[in-house]
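Below is one structure, written out as structure tokens, with a few remarks after it.
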Amino acid sequence: MIIEAVIKGLEFRFETSDSVFSPRRVDAGTLAMLSCVDFRDGWKVLDLGCGYGVVGITAAKFTDPSNVFMVDIDPEAVSLARGNAARNGVGGVNILQGDGPEALDETGFDCILSNPPYHADFSVPKRFIEKGFNRLKIGGRMYLVTKRKDWYKNKLISIFGGVRIHEADGYYVFEAEKRSPDFAGKAKSRSRSGSGPKSKPEPVP
């Protein structure tokens, strides 16, 4: 089936199927997350769990499509995303089948975005946050959208040292900036042991 959407002032058409997430309309959480991101020309962007391609394809409209990487574990989602990239004029994006950040070798991302699956044990978002941190450049930002707050807030603070939380359309959109090459918890541990810098990471304002 084909669905249409206006995102950030641009018109899009996406092919979907009943076997992928949110096939009848673009997910409201995804739209909430995109409303909080100001994509910039030249950015290198990673869409984790890209589904049929909404986030990565939108990003590619604002930066060089060759700088956009999209990953999903589902082969049908990847196939749909590739077709949708071409359908929306950004066929140069990089779309890979694989399980999260480990699916690609690229680093130095300006922006990583994800609408992670809701698992009771948080195993997927935990891995996305920890592995995604290592793929960001200093000053790069991670955006996550969920309907849960406390676990994501605490996890992002433990890794990034701080987080900004936006509330949009009933969702929490988390924005965390990488300000150090090390996890915040690791940096604090080194500071306590006397083997590293004494300053603590500043929270994201």
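Those letters in the sequence shown? Residues 9 to 213, by my numbering.
Ideal Cβ placement from N, Cα and C applies to all residues, glycine included.
The alpha carbon of residue 102 has as its nearest neighbour, out of 191, 90, 69 and 168, the alpha carbon of 90. Within the region 46 to 97, the runs of alpha helix (DSSP H) at least 4 residues long that lie entirely inside it are, in chain order, 62 to 68 and 83 to 95. When DSSP states are grouped into helix, strand and coil, residue 168 belongs to the helix group.
Between residue 55 and residue 121, the C-beta gap is smaller than 9 angstroms, which places the two residues in contact.
DSSP places residue 145 inside the beta strand (DSSP E), whose first and last residues are 144 to 154. Assignment of residue 25 by DSSP, reduced to helix, strand and coil, places it in the coil class.
Put simply, the backbone Cα of residue 125 is about 16 angstroms away from that of residue 39. Per DSSP, residue 36 has no beta-bridge partner at all. DSSP places residue 132 within a helical segment (H, G or I) once states are collapsed to three.
Look at residue 138 here: in three-state DSSP terms it is helix. The secondary-structure analysis by DSSP pairs residue 122 across a beta bridge with 56 and 152. For residue 116, the CB contacts under 7 angstroms within the same chain, skipping 5 residues up- and downstream, are 52 and 145 in chain order. At a Cβ-Cβ threshold of 9 angstroms, residue 164 and residue 137 count as neighbours. Counted as a single uninterrupted DSSP element, the stretch harbouring residue 101 is not any beta strand (DSSP E), since DSSP gives it neither H nor E. As computed with DSSP, residue 42 is found in no beta bridge at all. For residue 111, there is no enclosing beta strand (DSSP E), as DSSP gives it neither H nor E.
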